[in-house]
Amino acid sequence: SIVGNIARTGLFEGLFRAKLAALLLLVISLVGAKGKKDEKILLKAILVYLGSGVLLYFAAALCFFMPSLLPSSKTLIAISYIAMTAIGYLLILTGGGQLSRLLKDKLKKDIFNEENETFPQEERLLDNEYSINLPAQYRLGKLVRDSWINIINPFRGLLVAGTPGAGKSYFVIRHIIDQHIKKGFSMFIYDFKFDDLSRIAYNKLLRYAGNYKIRPKFFVINFDDLNRTHRCNPLDPQAMEDITDATEASRTIMMGLNRDWIKKQGDFFVESPINFLTACIWYLRRYEDGRYCTLPHVIELMQSDYDPLFAVLQSQEEIKVLINPFVSAYKNNAMAQLEGQIASAKIGLARLSSPQLY
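According to this note's numbering, the sequence shown is numbered sequentially starting from 8.
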């Protein structure tokens, strides 16, 4: 009775009406299917399944026209029709099932998800009298756009870190040299690969010399090639007005040569070498108005025997207080203590004793 009622609806009247009804039910079932996503499934394969399936599904009707073309039995016609319809139906089912498992975002083309993680960056040039502006490029989606890395206040500190060959000098340092010389800054450059940065600085200084109220001079200190260097005196007597300047100079030298002393300031065997070096520096500053106040002369003076050395140093009233502990240890024959005090200064400064420095 159920089949009879369905038959009376007219669903099976005509060949294509029944096939379309079956296909509609299949589409409804596929719409509700939620398959597991698979990145290996391709849209092209799905279209091939669906296209060939629909073609076979409806082309099966041609089997009923075979008797007019070729003599065939009814059994062969029925088998051919059922086979083509079933294969077409299964192909549509396969393609439709894979359609719900298709990934819209192709992760293989963007395995690090870079396109979805891009964001707009600063494209304005924010310039002021102190700023450093580094030209750059960035990706926004699939586009490469120009941008600026604006360091508005470089006095807050700027750290450039990277492995050798990473491009620190090319991308950052050369722009800093160019822009700050252009804005009238003075520069102190440590050129590790002389003369890469020095050449840039020299040419930029020639180019922007007119930006300075007082035309600056260019100096190079090069210990490796004495034919291409200027000479300077870190113990310039004109810059030392009193003994506190000598104390600061000696402390800076000794702390620079012995980095671990920074944590031990105030210790006996740290302050003693500093005081001894201060006494030597200030004596040379006062002697003949600082004519021999240079680091090589200080190093050589410290190598003298104790008798003439202490006698000479005590001739200056200002350093008697500094030299008194050493003289007292010498008079009391505390040679181990005295050697420990003075050797700390001698050993550190001995590292600087070289023809290049002299």
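Virtual Cβ for every residue (Gly too), placed ideally from N, Cα, C.
If you look at Arg146, you'll find it in the beta strand (DSSP E) that goes 139 to 147. In the DSSP assignment, Leu97 falls within the unbroken alpha helix (DSSP H) covering 81 to 106. Note on Ser80: under 16 other CB atoms within 10 angstroms of its CB, so exposed under the neighbour-count rule. Per DSSP, reduced to three states, the secondary structure at Val227 is coil, with no helix or strand assignment. One alpha carbon belongs to Asn339, the other to Ala208, and they sit about 57 Å apart. Under the Cβ criterion (8 Å, minimum of three pairs), the region 262 to 269 does not count as touching the region 299 to 319. Counted as a single uninterrupted DSSP element, the stretch harbouring Leu150 is not any alpha helix (DSSP H) but the beta strand (DSSP E) occupying residues 150 to 158. Excluding five sequence positions before and after Gln105, the CB atoms of its chain that fall closer than 6 Å to its own CB belong to Ile48, Ile53, given in chain order. When C-alpha distances from Leu213 are compared across Ile188, Tyr197, Leu308, the shortest belongs to Ile188. By the Cβ-count criterion, Met261 is buried, with 16 or more other Cβ atoms from all chains shown falling within 10 Å of its own Cβ. Cβ-Cβ separation between Leu57 and Gly102: approximately 4 Å, consistent with a contact (criterion under 8 Å). Tyr137 is the residue among Thr170, Tyr137, Leu132 whose C-alpha sits nearest the C-alpha of Phe192. Lys220 sits in coil when the DSSP states are folded into three classes, being neither helix nor strand. The C-beta distance from Ser154 to Glu130 rounds to 5 Å, short enough to fall under 8 Å. If you check the CB distance, Ile180 and Asn157 do not come in under 9 Å. Judged by pairs of C-beta atoms under 8 Å, the region 193 to 200 does not touch the region 316 to 330, as fewer than three such pairs exist. Assigned with DSSP and collapsed to three states, Met262 falls in helix. Check the Cα spacing between Asp202 and each of Phe71, Arg146, Arg235, Gln363: the tightest is with Arg235. Membership of Cys287 in the alpha helix (DSSP H) is indicated by the continuous run 275 to 293. Approximately 12 Å separates the beta-carbon atoms of Phe230 and His237; this is outside 8 Å, ruling out the contact.
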